[in-house]
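Residue numbers for the sequence shown follow the numbering used here, beginning at 29 and rising by one. Ideal placement from N, C-alpha and C gives every residue a C-beta, glycine not left out. Quick caveat: nothing in here was measured; it's all calculated off a predicted structure.
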Amino acid sequence: MEILPRTSSFSKNNFLNSFYRKNFLYLIQKSFKEKKPIIASNIKKKKNSKFQILKDFKKLTFHSKILKGQKIKSFFKNFTFFVNFKKPQIIFFFEFKKKKNYLWINRLPTDPLFCLSIQNIKSSASFFFLGNRFKSAKPIILFDSSFEKKPHLMMIKQIFQNFFFLKTKHRKILPFVDHVISFCNYQNKIWLRIFQINFSRKENIHSSYKIEHLIEIGPRLSLNPIRGWSDLKKNYLIYDSTVFKKKF
29 MEILPRTSSF SKNNFLNSFY RKNFLYLIQK SFKEKKPIIA SNIKKKKNSK FQILKDFKKL
89 TFHSKILKGQ KIKSFFKNFT FFVNFKKPQI IFFFEFKKKK NYLWINRLPT DPLFCLSIQN
149 IKSSASFFFL GNRFKSAKPI ILFDSSFEKK PHLMMIKQIF QNFFFLKTKH RKILPFVDHV
209 ISFCNYQNKI WLRIFQINFS RKENIHSSYK IEHLIEIGPR LSLNPIRGWS DLKKNYLIYD
269 STVFKKKF
């Protein structure tokens, strides 16, 4: 009987594998390969009431990925390593504070970085009717005509459109359209509302479906654009709102 030599369970390769799995950069690399939008936030606990908004955005984009307990400065510094990637990557960072809440949006590597203040937050749990829409159904994305008049709204429109857009060739997507995501610009604010489409039943086989009415299922947000930069490094200031003031 041969006696095998003793090997320590703690080897260098096992240590590196476990380290990179827990590391933040490993998660970003994985999302780049799979082309998943990233929903990040500074909230650490899932029991927090504001974490419900992250879940709502996750339900709207089932192909996205949530990263919690992140800091803004370290988060954007880590993303600067991946600017040279050819594949586009969408980032939504929710910064929740005691008095004010902010949303940072960006689409690497071409689109600029925008900071929006979040007001009038209502999650889907606050609505009486949560809806019975399909989880992986395609949405109808509607934008107001004012998004094509101003340049900073045109760039914000592209980021939101790419975030909520679902590819038809996705393996989990269903061939149904049962909800609407609407964006309206009113009083220098972007109002985001989500509705479920209710269709009338067929009376005959040859008759087609008709839209009866829309039911709001949430979440509901109003966003105020504050500032916009050319890239993640904030080299050039593109947009600055005269109404809203924030210390950067």
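Once the 5 residues before and after residue 256 are set aside, which same chain residues still bring their CB inside 6 angstroms of it? Closer than 6 angstroms at the Cβ level, and outside the excluded window around residue 256, lie 140, 142, 180, 266, 267.
Kindly indicate which three-state DSSP category residue 60 falls into: helix, strand or coil? With a pLDDT of 48 at residue 60, under the threshold of 50, the modelled position of this residue cannot be trusted; read the value that follows with caution. Helix, per DSSP.
For residue 146, which residues of its own chain have a beta-carbon under 7 angstroms away from its beta-carbon, when the five flanking residues on both sides are left out? 129, 130, 131, 249, 251
Is it right to say residue 253 is buried, meaning 16 or more other beta carbons lie within 10 angstroms of its own, or is it exposed? Residue 253 is buried by the Cβ-count criterion.
Which same chain residues end up closer than 7 angstroms to residue 171 when comparing Cβ atoms and leaving out the 5 residues on each side of it in sequence? 185, 211
Under 6 angstroms Cβ to Cβ from residue 194, same chain only, skipping five residues before and after it: list those, please. 166, 201
Tell me whether residue 179 sits in a helix, a strand or coil according to DSSP, three-state version. helix
Looking only at its chain, what residues have a beta carbon closer than 7 angstroms to the beta carbon of residue 241, apart from the 5 residues adjacent to it on each side? 226
Within its chain, find whatever has a CB closer than 8 angstroms to the CB of residue 138; leave out the 5 residues flanking it on each side and keep chain order. 116
Just list the residues that DSSP pairs residue 123 with in beta bridges. Residue 123 is bridged by DSSP to 130.
Grouping DSSP H, G and I as helix and E and B as strand, with all else coil, what is residue 226? strand
What first and last residue would you give for the beta strand (DSSP E) that runs through residue 254? 248 to 257
According to DSSP, residue 118 sits in a beta bridge with which residue or residues? 135
Could you compute how far the alpha carbon of residue 123 sits from the alpha carbon of residue 78? The straight-line gap from Cα to Cα measures roughly 10 angstroms.
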